[in-house]
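K.L.:
Below you will find the structure I want to go over with you.
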């Protein structure tokens, strides 16, 4: 079986794959993740996911490469990862009491043949009204850092969520059901891969 590469430094994506029993290597892809002017969110996340897969695949021949990119969209605004606490506060204030979309672009690339499968998943999330003190306390926890939309649904921000429509794991960062079908089309069935193997991590810095 070909080796599997996760082209992401996200510990949440790695944990989701690891919990499925997939034996893989982490090879983060350093690319420009900027969204182009007038680019639609769905187009942006699929393009960026494909670029991540190509970057990791170019260094790893004979591999199946998994890459993803996630954004949050609310009131017409695309919310990526906050650059500081001030931006995190603005993002969470925007999400407060409203419905937003979490969109993840996925790319599964066979680096040998160049064959790639690109798709996306969209989930609707509704936040209850948040007061200033709640937002500030959440930011002080450090959890909003490195997360699209400045929150992690699998962590303390779970108490902000009033409702959800669609794939929960997409909000965490990796829509597992859709990914499973994409991998299956590439000839890799997660139910048959090496269960319980340890992740081989080439990323030496903080995730």
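Residue numbers (this note's numbering): 185 to 391. A virtual CB, placed ideally from N, CA and C, is assigned to each residue, including glycine. Note that the structure is a prediction, hence the values are computed from the model and not measured.
1) Round the Cβ separation of residue 245 and residue 296 to the nearest angstrom and send it over; I've been treating them as touching at under 8 Å.
2) How long is the line joining the alpha carbons of residue 332 and residue 258, rounded to whole angstroms?
3) Can you round the beta-carbon distance between residue 200 and residue 364 to whole angstroms, since I take them to be within the 8 Å contact cut?
4) Kindly indicate the opening and closing residues of the alpha helix (DSSP H) around residue 296.
5) So, at 7 Å on beta carbons, what are the nonlocal neighbours of residue 312 in its own chain, with the 5 sequence-adjacent residues on each side left out?
6) Taking all protein chains shown into account, do 16 or more other C-beta atoms lie within 10 angstroms of the C-beta of residue 394, making it buried, or fewer, making it exposed?
7) Can you tell which of 336, 249, 265 and 337 has its C-alpha closest to the C-alpha of residue 367?
8) Can you tell which of 263, 261, 230 and 325 has the C-alpha that lies nearest to the C-alpha of residue 292?
9) Could you pull out every unbroken alpha helix (DSSP H) segment of at least 4 residues lying fully inside the region 282-352, listed in chain order?
10) For the beta strand (DSSP E) containing residue 253, list its first residue and its last residue.
11) Kindly indicate which residue of 276, 301, 284 and 303 has the alpha-carbon position closest to the one of residue 321.
12) Using only the alpha-carbon positions, how far apart do residue 337 and residue 355 sit?
13) Would you mind sorting residue 361 into buried or exposed? The rule is 16 or more other CB atoms within 10 Å of its CB.
14) Which term fits residue 224, buried or exposed, when burial requires 16 or more other beta carbons within 10 angstroms of its beta carbon?
15) Would you kindly work out how many angstroms separate the C-alpha atoms of residue 252 and residue 266, rounded to a whole number?
16) What three-state label does DSSP hand residue 191 in the structure shown?
17) Could you give the distance in angstroms between the alpha-carbon of residue 294 and the alpha-carbon of residue 304?
18) Going by beta-carbon coordinates alone, are residue 278 and residue 357 separated by less than 9 Å?
19) From residue 268 to residue 314, what does the alpha carbon distance come to, in whole angstroms?
20) Enumerate in chain order the residues of its own chain whose CB-to-CB distance from residue 247 is below 6 Å, with the five nearest sequence positions on each side excluded.
21) Quick check on the burial criterion: 16 or more other C-beta atoms within 10 angstroms. Buried or exposed for residue 238?
22) Quick check: what's the CA-CA separation for residue 342 versus residue 323?
P.N.:
With the structure as the only source:
1) 6 Å
2) 12 Å
3) So it is not a contact: roughly 11 Å between Cβ atoms.
4) Looking at the DSSP string, residue 296 is not in any alpha helix (DSSP H), and its letter there is neither H nor E.
5) The answer, listed in chain order, is 281, 344 and 346.
6) Any question about residue 394 goes unanswered here, given that the chain covers just 185 to 391.
7) 249
8) 230
9) Listed in chain order, the complete alpha helix (DSSP H) runs (minimum 4 residues) inside the region 282-352 are 316-324.
10) 247-258
11) 276
12) Distance between residue 337 and residue 355, taken at the CA atoms: about 7 Å.
13) exposed
14) exposed
15) So the two alpha carbons sit approximately 18 Å from each other.
16) coil
17) 18 Å
18) no
19) Distance between the alpha carbons of residue 268 and residue 314: 19 Å.
20) 186, 187, 189 and 295
21) buried
22) 14 Å
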